[in-house]
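> Have a look at this one.
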Amino acid sequence: MAKLSKPLCKICRRYGEKLYLKGKRCETVKCPLDPREGKRKKGFSFIKRKKLSEYGLQLMEKNKVKFYYGVLERQFYRYFEMAKKKKGVTGENLLKLLESRLDNVIYRANWFYSRRMAKQAITHGQIQVNGKRVDRPGYIVKPGDVIKLHPNSKYTKKVKECIEEYKSHIIPSWLKVDGANLAIEIIREPERSEVTLPVNEQLIVNFYSK
Numbered sequence: 249m250a251k252l253s254k255p256l257c258k259i260c261r262r263y264g265e266k267l268y269l270k271g272k273r274c275e276t277v278k279c280p281l282d283p284r285e286g287k288r289k290k291g292f293s294f295i296k297r298k299k300l301s302e303y304g305l306q307l308m309e310k311n312k313v314k315f316y317y318g319v320l321e322r323q324f325y326r327y328f329e330m331a332k333k334k335k336g337v338t339g340e341n342l343l344k345l346l347e348s349r350l351d352n353v354i355y356r357a358n359w360f361y362s363r364r365m366a367k368q369a370i371t372h373g374q375i376q377v378n379g380k381r382v383d384r385p386g387y388i389v390k391p392g393d394v395i396k397l398h399p400n401s402k403y404t405k406k407v408k409e410c411i412e413e414y415k416s417h418i419i420p421s422w423l424k425v426d427g428a429n430l431a432i433e434i435i436r437e438p439e440r441s442e443v444t445l446p447v448n449e450q451l452i453v454n455f456y457s458k
């Protein structure tokens, strides 16, 4: 599982975006990028302080997406190579692959407060796909897959609490979530427009194309 050694709030401040690395805390005024309390200005201090080169912009965009999805460089580059081989636009394919990661799916379904919590549940063997336990957060789901908690999972209570607390959050239309039975069905592949992080994926493509 990818681990972040840097203070999480500093990562968000550096990129000037809420990357939701701390779960519920990111929804409160305690978040340094929260527009309330006049705190959001701090989030752009790095960008204003230093004018970046084209390479710097590309590197920054790549790292922002890596932190957002919680993947390391080697794994991220592997996704890029997979995206190049697929039909369509490479940058869009890359984002669709990242959205289709198992940890991201159960996070977007409002089962967990953060992707870090989702990763932990998966590595602890608490998640099943099509009736089989999957312990890889980077497992790529496909249309028709059904995701459930492991029977008698110790995370059942936490998942129910998160679903209740985040019931006003919009769930992507490519996911069909059964809150009563704690099941998620993959209806279709995600679309580029359903990626919520503001990102210029072409900068990432240009970075790896040199």
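Numbering (the working numbering), first residue to last: 249 to 458. Backbone N, C-alpha and C fix where the C-beta goes; we use that ideal spot for every residue, glycine too. Keep in mind it's a predicted model, so treat the numbers as computed, not measured.
1. Would you mind stating whether residue 445 and residue 313 have Cβ atoms separated by less than 8 Å?
2. Taking 8 Å as the cut-off, does the segment 345-362 touch the segment 416-429 (at least 3 CB pairs, one atom from each stretch)?
3. If you compare alpha carbons, which of 385, 319, 337 and 320 is closest to residue 459?
4. Count the other C-beta atoms from every protein chain shown that fall within 10 angstroms of the C-beta of residue 339, then say buried if there are 16 or more, exposed otherwise.
5. Note down, in chain order, each residue of its chain lying with its Cβ closer than 8 Å to the Cβ of residue 436, except the 5 sequence neighbours on either side.
6. In this structure, how does DSSP classify residue 452 when only helix, strand and coil are distinguished?
7. Could you check whether residue 411 and residue 395 sit closer than 8 Å to each other, using their CB atoms as the reference points?
8. In whole angstroms, what is the alpha-carbon distance linking residue 333 and residue 316?
9. Where does the unbroken alpha helix (DSSP H) through residue 351 begin, and where does it stop?
10. Only counting runs of 3 or more residues, tell me where the beta strand (DSSP E) segments fall wholly within the segment 344-422, in order along the chain.
11. Below 8 Å between beta carbons: does that hold for residue 491 and residue 451?
12. Exposed or buried, residue 385, counting other C-beta atoms within 10 Å across all chains shown (16 or more means buried)?
Taking the definition as stated:
1. The sequence position of residue 445 within the sequence shown is 197, counting from 1. The sequence position of residue 313 within the sequence shown is 65, counting from 1. At the C-beta level, residue 445 and residue 313 come within 8 Å of one another.
2. Taking 8 Å as the limit for Cβ pairs, the verdict is that the segment 345-362 does touch the segment 416-429.
3. For the chain, the structure presents residues 249 to 458; residue 459 sits outside this window and is missing.
4. Your numbering for residue 339 matches position 91 in the sequence shown. Classification for residue 339: buried.
5. Reading the sequence shown from its first residue, position 188 is the one you call residue 436. Closer than 8 Å at the Cβ level, and outside the excluded window around residue 436, lie 391 and 422.
6. Translated into the one-based positions of the sequence shown, residue 452 becomes position 204. Three-state result, residue 452: helix.
7. The residue you call residue 395 lines up with position 147 of the sequence shown. The residue you call residue 411 lines up with position 163 of the sequence shown. No, these two residues do not count as a Cβ contact at 8 Å.
8. As a position in the sequence shown, residue 333 is number 85, starting the count at 1. As a position in the sequence shown, residue 316 is number 68, starting the count at 1. When rounded, the separation of the alpha-carbon atoms in residue 333 and residue 316 is 23 Å.
9. For the purposes of this step, residue 351 is identified with residue 103 of the sequence shown, where counting begins at 1. Judged by DSSP secondary structure, residue 351 falls within the alpha helix (DSSP H) whose first and last residues are 350-356.
10. Taken in chain order, the complete beta strand (DSSP E) segments of 3 or more residues contained in the segment 344-422 are 375-377 and 394-397.
11. Outside the shown range of the chain, which is 249 to 458, sits residue 491, and nothing can be said about it.
12. Here residue 385 is taken as the residue at index 137 of the sequence shown, counted from 1. When all chains shown are included, residue 385 counts as buried.
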